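**Student:** If you read the sequence shown in the UniProt record's numbering, its first letter stands for residue 1, the second for the next number, and so on.
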Amino acid sequence: MTTLDHRNHRATPPSLLQLADRPVRDLAAAEQAAGAFLQALGISLNGESMRATPARMARAYAELFTAEPFEATTFPNDERYDELVVARDIPLRSVCEHHLLPFTGTACVGYLPGERILGLSKLARVVEHFACRPQVQERLTKQVADWLTDHLQPRAVGVVIRAEHTCMTLRGVNATGSTSVTSTLLGTLRTDPGSRHEFFALAGFGR
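#1: Alpha carbon to alpha carbon, how far is G35 from T53?
#2: For R93 and A131, which I take to be in contact (beta-carbon distance under 8 Å), what is that distance rounded to the nearest angstrom?
#3: Taking the alpha-carbon of E138 as reference, which of R162, L152, L148 has the nearest alpha-carbon?
#4: Within the same chain, show all residues whose beta-carbon is closer than 6 Å to that of A55, passing over the 5 residues directly before and after it, in chain order.
#5: What residue from L140, F199, V127 has the CA that sits closest to P68's CA?
#6: In whole angstroms, what is the alpha-carbon distance linking T148 and L202?
#7: Rounded to the nearest angstrom, what separates L27 and E63 at their Cα positions?
#8: Starting from the C-beta of G204, find all residues in its chain whose C-beta is less than 6 Å away, skip the five residues before and the five after it, and write them out in chain order.
#9: Check the DSSP bridge columns for V157 and list the partner residues they point to.
#10: Which residues does DSSP list as the beta-bridge partners of E164?
#11: What are the start and end residues of the beta strand (DSSP E) that includes S44?
#12: I need the straight-line Cα distance from A175 to P76, nearest angstrom please.
#13: On a CA-only basis, which of K122, Q143, R116, I90 is nearest T104? Give me that one, please.
#14: What would DSSP say about E200, mapped onto helix, strand or coil?
#15: With DSSP collapsed to three states, give me the class of S49.
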């Protein structure tokens, strides 16, 4: 069994993987800091509807930054399945590490199996695991692909993420409705045009 933590997501592929336990959190300190932050911006906490805001704010960010731990069991590819396995439209939410504002969207994750396969629901769990922390979309996309490569040793991996960043839509350029798309292709999905075209078609990108 291998524990995957936020500092090192590479490990030798076992058959059973336990993703990290909940990090240590100090909600009382977070609540105090949230209150000081709001007051420093001139926001009064005296009103009835605002008194509990620092506590709610601390709990909300704790939830955004903490993925549920889970065990990702891999199985022998006894059927010798050699076509793409794709999970698409995986709901995604994370927080931009530059402004601590949310970004939301969907992920498409696929791989060409080698000796081992992973339960389909666990593809979504892996996305959630890496999304539940301050992130940038490019790193998130690569971390999911690297994890699958390290632990399944497939012939190919593809990850596409499309997301709307509120740091772009609510402030700054105010580009309401704009989305950002990132992709990571490894193995034959990177080197073989036919496989790459098939993956993007299954992902909903007709190229």
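Each residue gets a CB set at the ideal place from its N, CA and C atoms; glycine is no exception. This structure is a prediction, so every number in the text was calculated from the model and none was measured.
**Tutor:** Straight from the coordinates:
#1: 8 Å
#2: 6 Å
#3: R162
#4: E31
#5: Here the sequence assigns Glu to residue 68, which means Pro is not the residue at that position. Measuring from the Cα of E68, the nearest candidate turns out to be V127.
#6: The question names Thr, but residue 148 is Leu in the sequence shown. Using only the alpha carbons, I get a separation of about 18 Å.
#7: Distance from the CA of L27 to the CA of E63, rounded to the nearest whole angstrom, comes to 11 Å.
#8: none
#9: Y111, L186
#10: T104
#11: Segment: none, S44 is in no beta strand (DSSP E) and carries neither H nor E.
#12: When rounded, the distance between both Cα atoms is 46 Å.
#13: For T104, the nearest C-alpha among the options comes from I90.
#14: Before going further, note that residue 200 is Phe rather than Glu in the sequence given. In the structure shown, F200 sits in a helix (DSSP, three-state: H, G or I).
#15: coil
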